[in-house]
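Student: The structure's right below; bear with me while I get my questions together.
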Amino acid sequence: MGDIGRSMYDTLIESQKTQKGKCKCCGSSLELYELDVRRSQKILKCQRCGALHLYKKNIVGKWRLEKAQKIDMPPPR
23 MGDIGRSMYD TLIESQKTQK GKCKCCGSSL ELYELDVRRS QKILKCQRCG ALHLYKKNIV
83 GKWRLEKAQK IDMPPPR
């Protein structure tokens, strides 16, 4: 991939990953974690605390927060 292709790819990926919104737990910015077009939902991850925010589209077509959950990882054995 050339320099122009690489810069276009980087700007597209960065624009998709940075989302508007703040974490409900700590107030930090959110990053796109997963996008499911078929079920009209997206999952955003907090950059600071790692909380996951599930958004679904409503009838009008706007994104609505369904659930915000902080993931607690079990300790390694």
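Here my numbering is used: position 1 in the sequence shown is 23, and no number is missing along the way.
Where a beta carbon is used, it is the ideal one built from N, C-alpha and C, also for glycine.
From a predicted model like this one, the values you see are computed outputs, not experimental measurements.
Counting along the chain, where does the beta strand (DSSP E) carrying I65 start and finish?
Tutor: Here residue 65 refers to the residue found at position 43 when the sequence shown is read from its first residue. From DSSP, the beta strand (DSSP E) with I65 extends over Q63 to C68.
Student: Taking 8 Å as the threshold (C-beta atoms), are Q63 and L76 in contact?
Tutor: For the purposes of this step, residue 76 is identified with residue 54 of the sequence shown, where counting begins at 1. For the purposes of this step, residue 63 is identified with residue 41 of the sequence shown, where counting begins at 1. It is a contact, given that the beta carbons lie within the stated cut-off.
Student: When the Cα of R86 is compared with those of C47, L66 and C48, which residue comes out closest?
Tutor: In the sequence shown, counting from the first residue as 1, residue 86 sits at position 64. When each option's Cα is compared against that of R86, the closest is L66.
Student: What is the residue span of the beta strand (DSSP E) that R86 lies within?
Tutor: Reading the sequence shown from its first residue, position 64 is the one you call residue 86. First-last of the beta strand (DSSP E) with R86: W85 to Q91.
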